[in-house]
Amino acid sequence: MRLSRKVRLLSAALVPMFALAACSGGGGGGGGAAGGGDEQVKLTVWSWDGTVERAVSGFQAANPNIKVEVVNAGSSQDEYKALDNAIQAGSGVPDLVMFEYFAVPYFAIPGKLTDLGEFGVEKLKNDYVPAAWGDVTVNGKVYALPSDYGPSAMFYNSATLKKAGVDKAPATWDEYYEAAKKVHALGGDHYIAQDTGDIFFLLSLIWQAGGRPFTVNGNKVHIDFTDEGTTRAVAFWQKMLDEGLVNTKITGWSDDWNRTLNDGTLATQTMGGWLTSTLPERAPKAAGDFRVALMPQWRQGDKVGAENGGSSFGIPAAAGHKDAAFKFLEYFTHGGGLSSRVDAGAFVPNTSVLESEAFQSKANKYFGGQKVGAVLAEASETVGSGWQYPPFFEWARSIYGDIASPFYTTGKVKLAEILEQWKQRCIQYGNEQGFEVD
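This is the structure we're talking about:
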């Protein structure tokens, strides 16, 4: 189970009501009425984020000629396939669609998404953290607006670390390595982390280390897992695995994962900030022990982060009501509908929220009274820039587990070899799909 297929939510307890100014916008552009006159417009929105529905009533009250229907089209994979089928059939295309960040290029590059520049979207740029804005920008054009975010952070059990003689959260990966040895020395099933082939975790390490293995320029894609940053991150995690410091038997989101988080034998998890919402449910017995910190750094004193998850909404090129669609899109991702989503638990990359005192000053009881919002705000602001996903990453991520599985079951294959095999499969598939991949 992967949180990118779920709503990335932070605990509603983290954030009280926000008095954000309504700015429903509307913009220019073509493709259907904006709903400002007498003509009735019905918008169809495909989304697996339940907080979007919270914005509907307020929007409809302000725009009585626009009716919004939010439809759950299934998992992200199901939704993307259904959208492709609708576009090919020329019917049933929704007005707004939710996309994981890595899926935006797949639909944008072939011209299946509307360039939002026609609506003057650049005026909204400064209300989003830079990395999130970069996630929805393809070849210099913006094709979606960010709706939720997953800055990588380290969730750690302070009681377990203290028991192992580690008095504070590891600030560097070197400190993390030393802490891993101390945690494992506690005996039994104590580990600092678990990993059974999570590509998003590995990519977050690479991202933070400065690796940029994917370069996309129009229809051309270059893949290279040998750059300095990628090599550094892969070598570090290889060492952790080779020395038996990582639990490779327990899969994330399993019952055993819950158990180890509950009993403290799993000391840390480096994941997206959305884990704040689900950790209390999965590890209720560890209430008060967990804390949140920035990812450990590759160099002492640095503050560089990465992403692990996040979503956006775009308007299909074949949508019938583009003006009205953008009006609603701006409303729930930036305007008057944003506060209702934040109150419902959505973790958004809007600086107006992240930098607010209400977000940063709220103490979280589960995390021992820590002001978790301040940490996650900083994690969001420090995500490294320049990361790109290949336009066929939805397929690529689906096959990574099959390639990585032999290593995690036998230990006979190295991560660098796994990545090389993955690269070759991606090159073959990408070229078959009409891209120029090397």
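Residue numbers -21 to -1, 1 to 417, in mature numbering (1 follows the signal peptide of the UniProt record, and there is no 0), belong to the letters of the sequence shown in order. From the three backbone atoms N, C-alpha and C, an ideal C-beta is built for every residue, glycine too. Here the structure is a predicted model, which is why all the values come from computation and not from measurement.
DSSP three-state label for residue i, please.
i	result
ASN329	strand
VAL213	helix
LEU254	helix
GLU18	coil
GLY129	strand
LYS161	helix
LYS393	coil
GLY9	For GLY9, the predicted model reports a pLDDT of 48, less than 50, meaning its position is unreliable and no value from the coordinates is stated.
ALA262	coil
GLU101	helix
GLN56	helix
VAL83	helix
TYR156	helix
PHE338	helix
residue 424	The chain is shown only over -21 to 417; residue 424 falls outside these bounds and no answer can be derived.
ALA143	coil
LYS120	strand
GLU222	coil
PHE134	strand
LEU(-19)	Bear in mind that a pLDDT of 41 at LEU(-19), under 50, signals an unreliable position, so the model cannot answer this.
VAL24	strand
GLN412	coil
THR247	strand
THR30	helix
TYR170	strand
GLN407	helix
GLN367	coil
GLN400	helix
THR151	strand
PHE386	helix
Ends of the beta strand (DSSP E) at residue i?
i	result
THR194	193 to 196
LEU75	75 to 79
ARG270	269 to 272
GLU48	45 to 50
For my contact list, residue i and residue j are in at a C-beta cut-off of 8 Å; report their separation, rounded to the angstrom.
i	j	result
LEU75	ALA304	5 Å
PHE414	PHE386	Incorrect: roughly 28 Å between the Cβ atoms, too far for contact.
GLN187	MET250	No, GLN187 and MET250 are not in contact; Cβ-Cβ is about 13 Å, not under 8 Å.
PRO328	LEU92	Not really, about 19 Å apart at Cβ, beyond 8 Å.
PHE86	GLY288	Rounded, the Cβ-Cβ distance is 18 Å, inconsistent with contact.
ASP417	HIS201	6 Å
SER291	LEU124	6 Å
LEU224	ILE171	6 Å
THR244	HIS169	5 Å
ALA298	VAL72	6 Å
ALA383	GLY176	4 Å
GLN39	VAL47	6 Å
GLU79	TRP25	13 Å between Cβ atoms; not a contact.
THR227	ASP146	THR227 to ASP146, Cβ: 28 Å. No contact.
TYR368	PHE134	Wrong, their Cβ atoms sit about 25 Å apart, outside the cutoff.
GLU286	SER131	6 Å
Between which two residues does the alpha helix (DSSP H) holding residue i run?
i	result
ILE200	It should be pointed out that residue 200 corresponds to Val in this sequence rather than to Ile. Premise fails: VAL200 lies in the beta strand (DSSP E), 199 to 202, not in any alpha helix (DSSP H).
TRP236	234 to 242
GLN187	178 to 187
ARG320	317 to 322
ASP114	109 to 114
SER36	35 to 41
For the stretch 146 to 159 against the stretch 361 to 381, do three or more pairs of beta-carbon atoms, one drawn from each stretch, fall closer than 8 Å, so that the two count as touching? no
Every unbroken beta strand (DSSP E) within the stretch 277 to 309, with a cutoff of 3 residues, ordered by chain: Those beta strand (DSSP E) runs which fall completely within the stretch 277 to 309 and span 3+ residues are 286 to 293.
Should the stretch 141 to 148 be called in touch with the stretch 175 to 184, which here means at least 3 C-beta pairs below 8 Å? Contact annotation: the stretch 141 to 148 does not touch the stretch 175 to 184, with fewer than three C-beta pairs closer than 8 Å.
Is the stretch 343 to 351 in contact with the stretch 264 to 280, if contact means three or more CB pairs nearer than 8 Å? yes
Between the stretch 234 to 242 and the stretch 207 to 216, do at least 3 Cβ pairs fall closer than 8 Å? no
Spell out a yes or no on whether the stretch 189 to 208 and the stretch 251 to 263 are touching, meaning 3 or more CB-CB pairs, one atom from each, closer than 8 Å. no
Tell me whether the stretch 321 to 340 and the stretch 375 to 383 touch, counting them as touching only if at least three CB pairs, one residue from each stretch, are closer than 8 Å. Too few Cβ pairs lie closer than 8 Å, so no.
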